[in-house]
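Student: In this note's numbering, the protein residues as written are 166 to 269. Glycine included, C-beta positions come from ideal geometry on N, C-alpha and C. No experiment lies behind these values; they were computed from the predicted model shown.
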């Protein structure tokens, strides 16, 4: 197994997808869910499997492109340091707030 696949597998095994799924059910957090090939999408709370598949896709994209990417509440982030050490992170965020300030 490649290092990339090992890291992604560990993240997916350690991440609490049941908690995310429960949160999405409670909040009725809908995604566009495919109805199959040649069919339209519908809005629905994704299944736990769809949530995991989306997280896996984001982690692969972040790793392969060495970027941060987000969708549906998830963010996958690749961070690399000068010494060659790198981190791959998966988060699910319900709320965020940022303010810009200037030094006086």
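DSSP on residue 259, reduced to helix/strand/coil?
Tutor: Reduced to three states, the DSSP call for residue 259 is coil.
Student: To which residues does DSSP link residue 234 through a beta bridge?
Tutor: Beta-bridge pairing links residue 234 to 241.
Student: To which residues of the same chain is residue 169 closer than 6 angstroms at the C-beta, ignoring the five residues directly before and after it?
Tutor: Here the set comprises 228.
Student: Could you tell me which whole alpha helix (DSSP H) segments of length 4 or greater appear in the segment 187-212?
Tutor: As far as the segment 187-212 is concerned, it has no whole alpha helix (DSSP H) run of at least 4 residues.
Student: Residue 254 by DSSP, collapsed to three states: which one?
Tutor: Three-state result, residue 254: strand.
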